[in-house]
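Asker:
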Amino acid sequence: MSNYDYKAPDLASILAGLASLAPQPQPQPQPPQAPPPPQESGPSHVPVPYHQAHEAQPNHQYQQILQQQLEQASRSTQPGPSPVAAVPKPIDPATITEWSAGLRCVMKTVARHENVMNDIRRMIKVQHEHEEQWFKGREALLERQVARKEGQKKLDEVMKAIGGAVSSTTPTNTTEELAREVETFDMKVYKAQMQMAKEMTSKLRNMGVPFFGTRTELIRPMSHANTGRGDTSKEPDGKALIDEIELVKLQRKMLGILEDLCSD
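The following block contains the structure:
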């Protein structure tokens, strides 16, 4: 045995020395990972590197911010809405008491609706047919009266010629009797005209034709009508009043306008 003792190095020391001499491997890049959820067991937390914290922000937050910026830019570049012109409030035909306003109303509303104009044409046609029937009926009545009077006269002459007795009873063909008969016929025609006018007024009012549905508070009663032409009395809201006679004149004038429009 030699003078010095040889000790074999242990395996752990040899491996440690070799590991210190070997080149250190480069760390492989790893995809960013979201930071672990905070632990509720304590207030302390492990610091996260800047690049990992930056990558860990939720993507939807950036999308929301980008979307808001795009919307703001779009609103700033788009022209603002053009101002809408105020639409004038339509005039109620029942409040019109002046001819010029009534004429404008009927030309802007009634005259532009063909279905309304067709209804007015039929109504005017029926009116003319009735008026023609009444006229012909009166003419026929007068002819019958003349014929009866002439027939009675001829009958009396024949009776005298043959020596017969002439009737001594009061004849029914006196002027008074004939006039009464005509008056009765005229009264029947007048009632029929009033009924027809009432129906026409109702239809024209529903169609929106001025002067045929005028509010009663805008019509001055006959007992309070001013005979002077300079009367300008008005309601508290500024609406001009109109008397019944003037209203009838405006109605007839409007009927003439409607007939002219329907004849085109």
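According to UniProt numbering, the sequence shown is numbered sequentially starting from 1.
Yeah, the Cβ is synthetic: ideal placement off N, Cα and C, and Gly gets one too.
Please read these numbers as outputs of a predicted model, since none were measured by experiment.
Report yes if the C-beta distance between Phe211 and Thr201 is below 7 Å; otherwise report no.
Answerer: Contact: no.
Asker: Judging by CA-CA distance, which residue of Gln68, Glu139, Ile96 is the nearest neighbour of Glu246?
Answerer: With distances taken between Cα atoms, Glu246 lies closest to Ile96.
Asker: Go through its chain and collect everything with a Cβ distance to Thr184's Cβ below 7 Å, but skip five positions before and after it.
Answerer: Cβ neighbours of Thr184 beyond the five flanking positions: none.
Asker: To which residues of the same chain is Ala111 closer than 8 Å at the C-beta, ignoring the five residues directly before and after it?
Answerer: Taken in chain order, the residues that qualify are Met117, Leu261.
Asker: Would the beta-carbon of Leu103 fall within 7 Å of that of Gln145?
Answerer: Cβ distance not < 7 Å, so Leu103 and Gln145 don't count as in contact.
Asker: Look at the alpha carbon of Gln152 and the alpha carbon of Gln133, and state the distance between them as a whole number of angstroms.
Answerer: Near 28 Å, if we compare the C-alpha coordinates of Gln133 and Gln152.
Asker: If we count the other Cβ atoms within 10 Å of its Cβ and call it buried at 16 or more, is Val158 buried or exposed?
Answerer: Exposed, by the Cβ-count rule.
Asker: Is the separation between the beta-carbon of Arg215 and that of Ala94 shorter than 7 Å?
Answerer: The answer is yes: Cβ separation under 7 Å.
Asker: Can you tell me the Cα-Cα spacing of Glu259 and Arg121, whole angstroms?
Answerer: Straight-line Cα distance between these residues: approximately 8 Å.
Asker: Check Arg229 in the structure and name its three-state DSSP category.
Answerer: Only weak support is given to the placement of Arg229: the predicted model assigns it a pLDDT of 48, under 50, and the question is left unresolved by the model.
Asker: Return the residue from the list Ala197, Lys249, Lys203 that minimises the CA-CA distance to Glu131.
Answerer: Of the candidates Ala197, Lys249, Lys203, the one whose C-alpha sits nearest the C-alpha of Glu131 is Ala197.
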